[in-house]
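Have a look at the structure below, then the notes.
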Amino acid sequence: MINKQLLQPESIVVIGGSNNVHKPGGAVVRNLIGGDYRGTLRIVNPKEDEVQGIKAFHDAKELPPTDLAILVVAARFCAQYVEFLAAEKQVRAFIILSAGFGEETHEGAVMEQQILDTCEQYGCALIGPNCIGLLTRWHHSVFTKPIPHLDSKGVDFISGSGATAVFILESAVTKGLAFNSVWSIGNGKQIGIESVLEYMDENFDAERDSLVKLLYIENISDPDKLLFHATSLIKKGCRIAAIKAGSSQAGSRAASSHTGAIASSDSAVEALFRKAGIVRCFSREELTTVGCIFKTLDVERSAQNDVVSASSALHAQRQAFSFAIVTHAGGPGVMLTDALSKGGMQVPQLSGPVAEELKSKLLPGSSVANPIDILATGTPENLATAIDYCEQKFDNVDAIAVIFGTPGLVQLYEAYDVLHKKILECRKPIFPILPSVNTAGPEVQEFLKRGHVNFSDEVTLATALTQIMKTPAPAEQNVIVNGVDVPKIRKIIDNIEGNGFIEPALVHQLLAAAGIPTVPEFVSEQKEEVLAFAEKVGFPVVAKVVGPVHKSDVGGVALNIRSKEVLSAEFDRMMQIADATAVMVQKMIKGTELFIGAKYEPRFGHVVLCGLGGIFVEVLKDVSSGLAPLSYEEAFSMIRSLRSYKIIKGTRGQRGINERKYAEIIVRLSTLLRFATEIKEMDINPLLADEADVIAVDARMLVEK
35 MINKQLLQPE SIVVIGGSNN VHKPGGAVVR NLIGGDYRGT LRIVNPKEDE
85 VQGIKAFHDA KELPPTDLAI LVVAARFCAQ YVEFLAAEKQ VRAFIILSAG
135 FGEETHEGAV MEQQILDTCE QYGCALIGPN CIGLLTRWHH SVFTKPIPHL
185 DSKGVDFISG SGATAVFILE SAVTKGLAFN SVWSIGNGKQ IGIESVLEYM
235 DENFDAERDS LVKLLYIENI SDPDKLLFHA TSLIKKGCRI AAIKAGSSQA
285 GSRAASSHTG AIASSDSAVE ALFRKAGIVR CFSREELTTV GCIFKTLDVE
335 RSAQNDVVSA SSALHAQRQA FSFAIVTHAG GPGVMLTDAL SKGGMQVPQL
385 SGPVAEELKS KLLPGSSVAN PIDILATGTP ENLATAIDYC EQKFDNVDAI
435 AVIFGTPGLV QLYEAYDVLH KKILECRKPI FPILPSVNTA GPEVQEFLKR
485 GHVNFSDEVT LATALTQIMK TPAPAEQNVI VNGVDVPKIR KIIDNIEGNG
535 FIEPALVHQL LAAAGIPTVP EFVSEQKEEV LAFAEKVGFP VVAKVVGPVH
585 KSDVGGVALN IRSKEVLSAE FDRMMQIADA TAVMVQKMIK GTELFIGAKY
635 EPRFGHVVLC GLGGIFVEVL KDVSSGLAPL SYEEAFSMIR SLRSYKIIKG
685 TRGQRGINER KYAEIIVRLS TLLRFATEIK EMDINPLLAD EADVIAVDAR
735 MLVEK
């Protein structure tokens with residue numbers, strides 16, 4: 035629980051506060067004093083009469099009633115202090131900086147649970163243990179540095195790791211990113227990342243609160259809670275970006291399908307973030323750069339339903355988001371152009387009378403084609419002129435990137451003053467790329483002090499913009515059941531006995547109940563029945579062995595069989611394969627091979643994967659994931675985020691597939707899984723697709739009741 039005593043305490047006591055600012059007990063006192071905490075600050079230290087100018091209590095029994103207690107003592111003493119302070123001193127919020135609890139030993143976990151039980155008994159908020167503390171504009175209850183610039187227009191940052199939080203703050207401070215609050219939850223015994231988002235969501239005020247949330251997550255303990263409150267905050271006008279660390283470990287169960295081989299806990303994280311609309315980041319630099327982009331787009335002070343036009347273009351229009359690049363150094367301009375183009379954004383050529391007019395106002399030799407190169411000798415006036423033309427006269431430009439540094443020959447105060455004024459004046463967002471953070475350090479710092487950010491590396495900026503661009507809006511949570519026969523699905527599942535891969539006929543029935551088209555097929559251990567079916571549907575046909583897990587690996591697939599005699603021979607051969615129980619025969623069709631799979635992840639639910647099919651699924655591993663149930667928007671986002679999307683769309687004279695039908699099958703499958711949670715793993719591989727149809731050819735389903 036998060037309460038007023040935690041967020042706005044009228045009094046704070048530091049248990050273990052000291053004069054040694056090189057230790058946590060002294061550093062947290064230093065930061066509280068340096069942060070101009072206006073309430074009553076108390077210190078408990080049995081050996082000191084005065085701590086950093088504040089009279090110290092020798093024993094906690096001497097304390098008057100206090101709102102918030104910060105514990106910086108050995109772990110073995112913490113439970114006793116919490117019990118006493120909550121019962122006798124009416125403390126209703128605790129921040130425990132001490133380590134040595136559940137993260138280390140079983141005994142520590144027992145102490146941690148005892149502390150939680152006490153807090154629950156007395157209605158106390160608990161941050162930690164094993165954290166760096168809580169940093170707000172009200173109180174600086176952390177023992178670390180740096181202390182970033184705090185501003186109501188800054189971002190809220192929530193971290194599951196104290197040390198990583200410090201490193202992320204270091205990255206942010208160098209960019210000029212301001213913060214509204216920093217939450218280090220440590221072990222998160224009571225208040226985890228999900229709980230902080232819940233509080234921010236349920237108490238949200240668009241006029242007062244920060245609209246940007248940055249997260250560093252090590253463990254998602256409640257995916258549904260994270261999804262619900264992140265989605266809710268984003269729909270209220272917030273933007274959320276997050277790093278999820280520790281997601282690369284593959285599932286522990288041995289893979290028995292293509293999905294089992296390629297799905298991991300990271301697939302579930304990717305799917306959850308996609309559904310919520312969270313921008314996923316993979317490094318500290320990327321996370322803080324995304325935060326700076328949000329600030330540049332003025333998202334953090336947008337009204338609840340008034341997202342700025344540039345942000346809308348980046349988030350919704352995608353390909354329409356176009357940059358003009360103003361630079362006095364050709365190389366960085368070219369690198370930024372390449373990176374933006376690779377990420378799906380546009381750097382349109384600027385030509386015609388307006389471009390020629392701009393060129394006439396710059397130094398001889400300047401280029402205006404885009405990038406707009408005002409030359410190394412370009413003046414602040416030239417910079418202002420180029421920005422004005424991008425803002426006022428080039429209608430095919432949504433945003434402006436300005437690259438401006440120095441080789442050390444001149445100072446940049448005047449140029450950065452121009453940049454400052456233009457950022458305030460222009461409707462189009464301006465992204466300042468000021469690379470000379472050492473040579474022109476004072477000028478850059480002066481620029482940052484005026485409330486701006488700096489993207490010192492142009493490619494990092496483009497990478498972060500790409501991540502934002504490809505993040506879809508939060509998905510609707512409704513289950514799409516049109517065309518899906520839920521009662522029939524349940525009847526089939528309920529009648530299945532035992533666990534394991536179900537027979538092809540039942541797979542076919544379930545797909546049909548979900549409205550997923552399949553190739554006509556027949557399964558039998560009797561050769562005459564197989565031959566009769568083939569003659570009925572017409573040659574050519576495909577024969578596949580039934581029984582072995584990976585048919586291709588054991589020679590259990592025969593394609594383009596054009597006669598009864600060949601089919602008879604293939605039947606005899608396949609029935610000799612180890613574990614063969616029957617032979618399946620299907621009408622032979624052609625098309626692009628696609629793949630859809632799903633795997634049930636504990637706590638997350640079904641993760642649905644899609645990509646190119648056939649033997650390339652595990653080779654290329656080019657799949658995208660979504661969390662069932664899926665909307666059509668999510669399905670299209672999954673398809674279009676594939677590296678192989680150009681093949682699906684059509685390239686080099688080849689026609690694309692029916693993308694709408696592919697998305698429809700993904701959605702229908704997710705609905706099937708929503709009502710058949712007993713299906714723990716499945717593949718449809720391949721689906722054969724052309725410009726008209728998408729048809730399931732082969733499928734496997736693992737059921738565990």
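Residue 637 in this note's numbering sits at position 603 of the sequence shown; the count goes up by one each step and never skips.
The beta carbon of each residue, even a glycine, is placed where N, CA and C say it ideally should be.
Neighbourhood of residue i by C-beta, 6 Å cutoff - its chain only, sequence neighbours within 5 removed
{"i": "S175", "result": "I104, I129, G167, L168"}
{"i": "V576", "result": "L593, Q620, M622"}
{"i": "L446", "result": "T440, A474, E477"}
{"i": "H92", "result": "P80"}
{"i": "M234", "result": "none"}
{"i": "K598", "result": "L565"}
{"i": "I36", "result": "A159, Y233"}
{"i": "L396", "result": "I408, N416"}
{"i": "V230", "result": "I192, W217"}
{"i": "D340", "result": "Confidence at D340 is low in this model, with a pLDDT of 39, below 50, so the placement of that residue should be treated as unreliable; the coordinate-derived value is given next. For D340, where only same-chain residues beyond five positions count, there are no Cβ hits under 6 Å."}
Sequence-distant residues of the same chain with beta carbon closer than 7 Å to residue i, five excluded per side
{"i": "Q39", "result": "D101, L102, R126, A127, A159"}
{"i": "G73", "result": "P43, E44, S45, I46"}
{"i": "K525", "result": "none"}
{"i": "L482", "result": "G210, N488"}
{"i": "W172", "result": "L41, Q42"}
{"i": "A498", "result": "E320, T323, V324, I327"}
Nonlocal neighbours in the same chain, by C-beta distance under 8 Å from residue i, ignoring five residues either side
{"i": "P506", "result": "R308, G311, E667, E668, S671"}
{"i": "D613", "result": "G581, P582"}
{"i": "T322", "result": "I202, S205, A206, K209, L211, L248"}
{"i": "T615", "result": "E559, V580, G581"}
{"i": "G68", "result": "H174, I181"}
Distance between beta carbons of residue j and residue i, contact taken as under 8 Å
{"i": "L761", "j": "N404", "result": "This structure leaves residue 761 out entirely; the chain is present only between 35 and 739."}
{"i": "V487", "j": "K209", "result": "5 Å"}
{"i": "F465", "j": "A358", "result": "Not confirmed; about 11 Å, so no contact."}
{"i": "V557", "j": "A539", "result": "6 Å"}
{"i": "C315", "j": "Q501", "result": "6 Å"}
{"i": "P720", "j": "G647", "result": "4 Å"}
{"i": "P58", "j": "V106", "result": "5 Å"}
{"i": "I700", "j": "I595", "result": "The pair is not a contact, with the Cβ atoms about 31 Å apart (cut-off 8 Å)."}
{"i": "V303", "j": "V313", "result": "That pair is no contact at about 13 Å."}
{"i": "N430", "j": "P382", "result": "5 Å"}
Among the options, nearest to residue i - alpha-carbon criterion
{"i": "I277", "options": "T440, F213, I254, E738", "result": "I254"}
{"i": "F238", "options": "A546, K269, E698", "result": "K269"}
{"i": "H542", "options": "T361, I729, V642, A418", "result": "I729"}
{"i": "V388", "options": "I681, D422, N533", "result": "D422"}
{"i": "R461", "options": "D432, L468, K395", "result": "D432"}
{"i": "T743", "options": "V452, K598, A143", "result": "With the chain running from 35 to 739 in the structure shown, residue 743 is simply not present."}
{"i": "A120", "options": "E141, E138, L150", "result": "L150"}
{"i": "E555", "options": "K578, N533, S317", "result": "K578"}
{"i": "L545", "options": "L703, D258, R242, K655", "result": "L703"}
{"i": "E96", "options": "G485, I77, G188", "result": "I77"}
{"i": "C424", "options": "E480, V360, L646", "result": "V360"}
{"i": "G194", "options": "S400, K455, A240, E137", "result": "E137"}
{"i": "V368", "options": "D491, I681, G660", "result": "D491"}
Residue environment, residue i, which counts as buried when at least 16 other CB atoms sit within 10 Å
{"i": "Q224", "result": "buried"}
{"i": "R637", "result": "exposed"}
{"i": "K123", "result": "buried"}
{"i": "V444", "result": "exposed"}
{"i": "A212", "result": "buried"}
{"i": "L458", "result": "exposed"}
{"i": "S356", "result": "buried"}
{"i": "N512", "result": "exposed"}
{"i": "G639", "result": "buried"}
{"i": "E334", "result": "Note that E334 scores a pLDDT of 38, beneath 50, so its modelled location is shaky and nothing firm can be said."}
Cross-strand partners of residue i (DSSP beta bridge)
{"i": "G167", "result": "V176"}
{"i": "S401", "result": "D407"}
{"i": "P466", "result": "V436"}
{"i": "C315", "result": "I277"}
{"i": "V107", "result": "Per DSSP, none; premise fails for V107."}
{"i": "H56", "result": "According to DSSP, which records beta bridges pairwise, H56 is partnered with nothing at all."}
{"i": "A566", "result": "Partner(s): none; A566 has no beta bridge."}
{"i": "D190", "result": "S215, K247"}
{"i": "T74", "result": "S45"}
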